[in-house]
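K.L.:
The listed protein sequences derive, respectively, from chains A and B. For what it's worth, our numbering labels the leading residue of the first sequence as 16, then goes sequentially. For what it's worth, our numbering labels the leading residue of the second sequence as 16, then goes sequentially.
2 protein chains.
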Amino acid sequence: MKSTTLFKIHNRIWISSENRSFLGEGRIELLNEINKHRSISKAAKSMKMSYRKAWNMVDSMNKISKKPMVIRTIGGTGGGGSKLTTEGLKAIKLFNEIKISTNKYLESKIKTLDFS
Amino acid sequence: MKSTTLFKIHNRIWISSENRSFLGEGRIELLNEINKHRSISKAAKSMKMSYRKAWNMVDSMNKISKKPMVIRTIGGTGGGGSKLTTEGLKAIKLFNEIKISTNKYLESKIKTLDFS
């Protein structure tokens, strides 16, 4: 007789606003990369994504959140770039919190699985 | 000033066992269709899926759950077909319960979203 099977529950969440994509794994990764590189184009490159696509994602998030999540920085040694606002950092934090708590919740649910 | 934005959290769950797919939206739909049509080939057709693919999904679920989820029925007016076992019906029930409770949980989380 085989011993207990190990089940794992996987989970993907995404947030929309009035039928428009707002936040999902990809956009949160993009925000994280912009935060790291201080540049949309470098963030796009690190994700093997076109600049245009990354820019459109940022533009969409900025419009939905009203207070922008990513703003341009002008001048400085790097000649300007982009950075996350408090709103952008909050989005990453909230998304990750929801993801972690949902995963914890699902972990507790796994005990109800009994297919052995 | 724009009024409060309506956010919606979407969620997709799937269950694996030792790195093999076990249950997800597609497989649950397949089990439901087999239950409805009492036939793997009719269920596959209704999902615009090849019989081979449907059969492989059933075979994979049957092997992981140990007690089969779908069994063949022999004879009768329809000349035999397939039907769900108690185990198969339980899989649909558990998956839907987890899905519904996770959605409820996420609904409560939506209140933490404040991007207006």
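Cβ atoms here follow ideal geometry from the backbone N, Cα and C, with glycine treated the same way.
For A:Met-16, is the classification buried or exposed, using 16 other Cβ atoms within 10 angstroms of its Cβ as the cut-off for buried?
P.N.:
Locating residue 16 of chain A in the first sequence gives position 1, counting from the first residue. Reliability of the predicted coordinates at A:Met-16 is poor, the pLDDT of 38 falling under 50, and the value obtained from them is presented with this limitation in mind. Per the 10 Å Cβ criterion, exposed.
K.L.:
Give the secondary structure of A:Ile-89 by DSSP, where H, G and I count as helix, E and B as strand, and everything else as coil.
P.N.:
Residue 89 of chain A sits at position 74 when you count from the first residue of the first sequence. If DSSP states are grouped into helix, strand and coil, A:Ile-89 belongs with coil.
K.L.:
A:Leu-99 bridges to which residues according to DSSP?
P.N.:
As a working mapping, residue 99 of chain A is identified with position 84 in the first sequence. A:Leu-99 pairs with A:Val-85.
K.L.:
Take the Cβ of A:Leu-38 as the centre, count every other Cβ of all protein chains shown within 10 Å, and call the residue buried at 16 or more, exposed below.
P.N.:
Counted from its first residue, the first sequence places residue 38 of chain A at position 23. With 16 or more Cβ atoms within 10 Å of its Cβ, A:Leu-38 is classed as buried.
K.L.:
Specify, as a first and last residue, the run of the alpha helix (DSSP H) that A:Ile-79 falls within.
P.N.:
As a position in the first sequence, residue 79 of chain A is number 64, starting the count at 1. Where A:Ile-79 is concerned, the enclosing alpha helix (DSSP H) stretches over 66 to 80.
K.L.:
Throw me the rounded Cβ distance for the B:Thr-88 and A:Thr-117 pair, which I believe falls under 8 Å.
P.N.:
Numbered from its first residue, the second sequence carries residue 88 of chain B at position 73. Numbered from its first residue, the first sequence carries residue 117 of chain A at position 102. The pair is not a contact, with the Cβ atoms about 39 Å apart (cut-off 8 Å).
K.L.:
On the DSSP bridge list, what partners appear for B:Lys-23?
P.N.:
Sequence index remark: in the second sequence, residue 23 of chain B carries index 8 (1-based). DSSP lists A:Ser-31 as partners of B:Lys-23.
K.L.:
What's the gap between the Cα of B:Trp-70 and the Cα of B:Glu-33?
P.N.:
Counted from its first residue, the second sequence places residue 70 of chain B at position 55. Counted from its first residue, the second sequence places residue 33 of chain B at position 18. One C-alpha to the other measures close to 21 Å.
K.L.:
Reducing DSSP to helix, strand and coil, say where A:Leu-128 ends up.
P.N.:
Working through the first sequence from its first residue, we reach residue 128 of chain A at position 113. Note: A:Leu-128 maps to coil in three-state DSSP.
K.L.:
For chain D, check one thing: does any of its Cβ atoms lie closer than 7 Å to the Cβ of A:Ser-31?
P.N.:
Structure shown: chain D not included; protein chains present are A and B.
K.L.:
Alpha carbon to alpha carbon, how far is B:Ala-58 from B:Lys-68?
P.N.:
Residue mapping note: residue 58 of chain B aligns to position 43 of the second sequence, counting from 1. Residue mapping note: residue 68 of chain B aligns to position 53 of the second sequence, counting from 1. Between B:Ala-58 and B:Lys-68, the C-alpha separation is close to 11 Å.
K.L.:
Enumerate in chain order the residues of its own chain whose CB-to-CB distance from A:Ile-113 is below 8 Å, with the five nearest sequence positions on each side excluded.
P.N.:
Taking the first residue of the first sequence as 1, we reach residue 113 of chain A at position 98. These residues qualify, in order along the chain: Ile-28.
K.L.:
State yes or no: is the beta carbon of A:Gly-41 nearer than 7 Å to at least one beta carbon in chain B?
P.N.:
Working through the first sequence from its first residue, we reach residue 41 of chain A at position 26. For A:Gly-41, the answer is no, since every Cβ of chain B falls outside 7 Å of its Cβ.
K.L.:
Listing by chain order, which chain B residues have their CB less than 9 Å from the CB of A:Arg-27?
P.N.:
If you number the first sequence from 1, residue 27 of chain A lands on position 12. Ordered by position in chain B, the residues that pass the 9 Å Cβ test against A:Arg-27 are His-25, Asn-26, Arg-27, Ile-28, Trp-29.
K.L.:
Decide if B:Leu-21 is buried, meaning its Cβ has at least 16 other Cβ atoms within 10 Å, or exposed.
P.N.:
Taking the second sequence and counting its residues from 1, one reaches residue 21 of chain B at position 6. Classification for B:Leu-21: exposed.
K.L.:
Distance, Cα to Cα, B:Tyr-66 vs A:Ile-24?
P.N.:
Within the second sequence, numbered from 1, the residue matching residue 66 of chain B stands at position 51. Within the first sequence, numbered from 1, the residue matching residue 24 of chain A stands at position 9. The alpha-carbon atoms of B:Tyr-66 and A:Ile-24 are separated by roughly 27 Å.
K.L.:
Hey, does A:Lys-124 have any beta-carbon neighbour from chain B nearer than 7 Å?
P.N.:
Working through the first sequence from its first residue, we reach residue 124 of chain A at position 109. Yes, because at least one Cβ of chain B sits closer than 7 Å to the Cβ of A:Lys-124.
K.L.:
Any beta carbon of chain A sitting closer than 7 Å to that of B:Phe-22?
P.N.:
The residue given as residue 22 of chain B occupies position 7 in the second sequence. True, the Cβ-Cβ gap to chain A drops below 7 Å.
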